[in-house]
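>
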Amino acid sequence: MKKVNIIGVPEHFNLPWHMAINDGAFEDRGIELTWTDIPEGTGRMAKMLANQETDLAIILTEGLIKSISEGNQSQIVQEYISSPLLWGIHVAYNSSYQSLDDLKNTKAAISRIGSGSHLMAFVNAQNQNWETANLQFEIINNLDGAVEGLTNGSADYFMWERFTTKPLVDNKTFRRLDDCPTPWPCFVIAATADFIKEKKSVLDHILEVIHTYTSEFKMIPSIDRTISVRYEQQINDVRDWLSKTVWGQKQVIKEDVMKVQNRLKSLDLIAEIKSSEHFLMS
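Printed below as a string of structure tokens:
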């Protein structure tokens with residue numbers, strides 16, 4: 040058995056991987072694929088890739104591109120989720136903030152520097168024509184930390200995937216003011232350069248398996264109920280999410296890599312624009 044380590048966030052997007060692992064689909068190909076949940080998100084996952092602490096990651100596109108631009112020796116293998124991510128913009132339920140305008144010059148809770156919650160706070164600020172140099176951040180590590188930070192007032196708002204946080208809106212921990220969708224495919228499969236170089240055939244088998252599961256995922260009988268129970272979400276929210284989500288089976292197009300880089304550069308979050316080939320597995 041060839042051992043492979045993969046990491047990702049503990050969210051509904053990644054259920055196809057867990058189903059394939061539980062079904063023994065990778066073992067049938069002679070692969071022992073070990074999944075590790077990383078609740079801290081993309082910032083930590085990018086660092087783990089850079090430090091060779093994992094072989095593969097399911098990671099946010101903009102966070103990985105920023106990390107590779109800064110020297111991370113990893114590459115985008117292909118799209119994982121081709122549709123945008125809906126970033127919900129949340130405040131504490133009892134907060135006095137009632138609109139996005141109220142959040143100008145307030146403090147955002149982020150999981151860590153370089154995370155999606157960090158980078159998308161800049162994108163949202165730019166969308167609102169705020170002065171991004173005035174952005175303030177409170178590092179909260181994960182969703183539990185965000186609950187604590189917004190509740191005790193150490194942070195004012197928090198951006199996280201809308202459907203993941205919906206139960207916290209339903210139980211009146213958070214109040215969602217608006218959404219900020221990513222202007223590009225949101226999740227990619229990433230691999231370290233060493234893994235690509237040394238185990239390309241293993242990677243090809245892994246992709247063949249996950250393509251089967253993602254292409255058939257929405258057709259699984261009662262998949263909406265399975266997701267609802269496993270991730271403690273209302274079934275109507277799950278159906279809404281499924282209708283908006285598209286799993287990809289192809290490489291990210293060069294235009295999207297440039298779109299991400301151009302946005303990050305305009306926000307002074309990367310130093311230079313590099314060729315798309317620098318980021319994409321050939």
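Numbering of the sequence shown is given in the working numbering, commencing with residue 40 and proceeding in unit increments. Don't be surprised by glycine CBs; every beta carbon is placed ideally from N, CA and C.
(1) How far does the beta strand (DSSP E) with Gln-114 in it extend, from its first residue to its last?
(2) Buried or exposed: Gly-82, going by 16 or more other Cβ atoms within 10 Å of its Cβ?
(3) Give me the DSSP bridge partner(s) of Pro-260.
(4) Where do the ends of the alpha helix (DSSP H) carrying Lys-304 lie?
(5) For Lys-304, would you say it is in contact with chain E, using Cβ-to-Cβ distances shorter than 9 Å as the test?
(6) Please say whether Lys-146 and Gln-175 have beta carbons closer to each other than 9 Å?
(7) Hey, is the region 56-73 in contact with the region 106-117, meaning 3+ C-beta pairs nearer than 8 Å?
(8) Does DSSP put Val-277 in a helix, a strand or coil?
(9) Does Tyr-252 come out as helix, strand or coil in the three-state DSSP assignment?
(10) Report buried or exposed for Gly-110, applying the criterion of at least 16 other Cβ atoms within 10 angstroms of its Cβ.
(11) What number of angstroms, rounded off, separates the C-alpha of Gly-188 from the C-alpha of Tyr-132?
(12) Does DSSP classify Ile-77 as helix, strand or coil?
(13) Using the Cα positions of Ser-150 and Thr-265, report the straight-line distance between them to the nearest angstrom.
(14) Who are Glu-71's beta bridge partners in DSSP?
(15) Assign Thr-171 to one of three DSSP states: helix, strand, or coil.
(16) Per the contact definition of three or more C-beta pairs closer than 8 Å, is the region 184-199 in contact with the region 82-97?
(17) So, Ser-122 versus Lys-283, is the Cβ gap smaller than 9 Å?
(18) Would Ile-98 pass as a contact of Ala-310 if the rule is Cβ separation under 9 Å?
Concretely, from the data shown:
(1) 113-120
(2) buried
(3) Its beta-bridge partners do not exist; DSSP assigns none.
(4) 293-305
(5) The structure shown contains no chain E, having only a single protein chain.
(6) yes
(7) no
(8) helix
(9) helix
(10) exposed
(11) 13 Å
(12) coil
(13) When rounded, the distance between both Cα atoms is 28 Å.
(14) Lys-42
(15) helix
(16) no
(17) Yes, the pair counts as a contact, with Cβ atoms nearer than the cut-off.
(18) no
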